[in-house]
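Chemist: Below you'll find the structure I mean.
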Amino acid sequence: MMTIVFQTTYLTEDYTGGMTILMWIAATHYHFIFTVMAAPIVIVFERSLATRLVFDYEKTKRRYILISLFLFQFTFSSAFTLLTVFNILRYVSAAFIAGFIAVTSLLVFLYINRINKRTLRFVETQNRDIKFNLSVRYQLRENVKTFKMLTTLLIMFTGCIVLLACLKTIPMIMGVSEDIKYFFKMSTDMIVHAGPIYVTATLIWGVDDYRIIVLRLLGYDKKRVIPRKGDPSKKEEDVYFEQFEQALR
391 MMTIVFQTTY LTEDYTGGMT ILMWIAATHY HFIFTVMAAP IVIVFERSLA
441 TRLVFDYEKT KRRYILISLF LFQFTFSSAF TLLTVFNILR YVSAAFIAGF
491 IAVTSLLVFL YINRINKRTL RFVETQNRDI KFNLSVRYQL RENVKTFKML
541 TTLLIMFTGC IVLLACLKTI PMIMGVSEDI KYFFKMSTDM IVHAGPIYVT
591 ATLIWGVDDY RIIVLRLLGY DKKRVIPRKG DPSKKEEDVY FEQFEQALR
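Residue numbers (my numbering): 391 to 639.
Dropping the structure here:
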């Protein structure tokens, strides 16, 4: 909306003013990008708590976790946005730092997923300790199921973060022409604004329930009919006689 206002109001032949709204446009653009970059950190931290507090994570209300994660993500994106907009930190450096944190978060996420799978396998096959009761086993299974769902989503997020960082950084490092810069800018805008498309596709692929619903709508969810096996001990005359009796009822 601010871009449309800027183009219709200030982007004329006698271009004057509009620096304030242009600054806000850049700030919202960078804030969105850095918010996406902070998403893997938030996911990893929340799943780490679910692993650490597996014995009572679902039973006890911990609203401070949700509030802390929201404040962290907002502070992270706002801090990097201010550093970039006011040229305190170059965007190349900010993107490199945020991208490095995102990739590190993905590796930590995969490691925590491995811990959950190993713990669940140990509990189900070897350990019969009283502390691993039914609710704890259920929570471990839910952790593994959630990790499976989030792995696809987190890989998609990390890939988009690295791609956005490259598209925004390469024109700044290399001396490219204006046409190539415009191409990179259009590619970045397309990735940013097409977010709901690939996020929805990733959720459908990663969440089993969503995938079943979509396949059912597309007509690919065919119910398997188990063929009825006859009793080999019965003779053919007995089968016909049973069918005749059922017809008389």
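Idealized CB from N, CA, C, for every residue including glycine.
Closest by CA to residue 540, which one among 598, 454, 417 and 458?
Modeler: The residue with the shortest Cα to Cα distance from residue 540 is 598.
Chemist: Measuring CA to CA, which of 533, 483, 477 and 515 is closest to residue 504?
Modeler: Checked all of 533, 483, 477 and 515; the closest Cα to residue 504 is 533.
Chemist: Could you say if the region 551-558 and the region 570-583 meet the contact criterion of at least three C-beta pairs nearer than 8 angstroms?
Modeler: Contact between the region 551-558 and the region 570-583 is present, because at least three Cβ pairs lie under 8 angstroms.
Chemist: Could you check what DSSP says for residue 603 in three-state terms: helix, strand or coil?
Modeler: If DSSP states are grouped into helix, strand and coil, residue 603 belongs with the helices.
Chemist: Whole angstroms is fine: what's the gap from residue 423's alpha carbon to residue 602's?
Modeler: So the two alpha carbons sit approximately 32 angstroms from each other.
Chemist: Between the beta-carbon of residue 550 and the beta-carbon of residue 426, is there less than 8 angstroms?
Modeler: Yes.
Chemist: Cα separation between residue 419 and residue 491?
Modeler: Between residue 419 and residue 491, the C-alpha separation is close to 20 angstroms.
Chemist: Measuring CB to CB, does residue 495 end up less than 8 angstroms from residue 430?
Modeler: In contact: residue 495 and residue 430 (Cβ atoms closer than 8 angstroms).
Chemist: For residue 489, is the classification buried or exposed, using 16 other Cβ atoms within 10 angstroms of its Cβ as the cut-off for buried?
Modeler: Burial call: buried.
Chemist: Start and end of the alpha helix (DSSP H) containing residue 588?
Modeler: From DSSP, the alpha helix (DSSP H) with residue 588 extends over 585-596.
Chemist: Taking the alpha-carbon of residue 529 as reference, which of 410, 606, 411 and 450 has the nearest alpha-carbon?
Modeler: Taking only the C-alpha atoms, the option nearest residue 529 is 450.
Chemist: Applying the criterion that 16 or more other CB atoms from any shown protein chain within 10 Å of the CB defines a buried residue, is residue 467 buried or exposed?
Modeler: Residue 467 comes out buried.
Chemist: Determine the direct distance from the alpha carbon of residue 609 to that of residue 486, and round the result to whole angstroms.
Modeler: Approximately 45 angstroms, taken between the alpha carbons.
Chemist: Taking all protein chains shown into account, do 16 or more other C-beta atoms lie within 10 angstroms of the C-beta of residue 477, making it buried, or fewer, making it exposed?
Modeler: That one is exposed.
Chemist: Where does the unbroken alpha helix (DSSP H) through residue 535 begin, and where does it stop?
Modeler: Unbroken alpha helix (DSSP H) run through residue 535: 524-563.
Chemist: Give the range of the alpha helix (DSSP H) segment to which residue 453 is assigned.
Modeler: Run containing residue 453: 453-475, per the alpha helix (DSSP H) assignment.
Chemist: Beta-carbon within less than 7 angstroms of residue 546's beta-carbon, same chain only, minus the 5 sequence neighbours each way: which residues are those?
Modeler: These residues qualify, in order along the chain: 588 and 592.
Chemist: Determine the DSSP secondary structure at residue 423, reduced to helix, strand or coil.
Modeler: Of the three classes helix, strand and coil, the one that applies to residue 423 here is helix, per DSSP.
Chemist: Relative to the alpha-carbon of residue 554, which residue among 607, 574 and 565 has its alpha-carbon at the smallest distance?
Modeler: Nearest of 607, 574 and 565 to residue 554, Cα basis: 574.
Chemist: If you draw a straight line from the C-alpha of residue 569 to the C-alpha of residue 473, how long is it?
Modeler: Spanning the two alpha carbons is a distance of roughly 28 angstroms.
Chemist: Run through DSSP, which three-state label would residue 479 get?
Modeler: Of the three classes helix, strand and coil, the one that applies to residue 479 here is coil, per DSSP.
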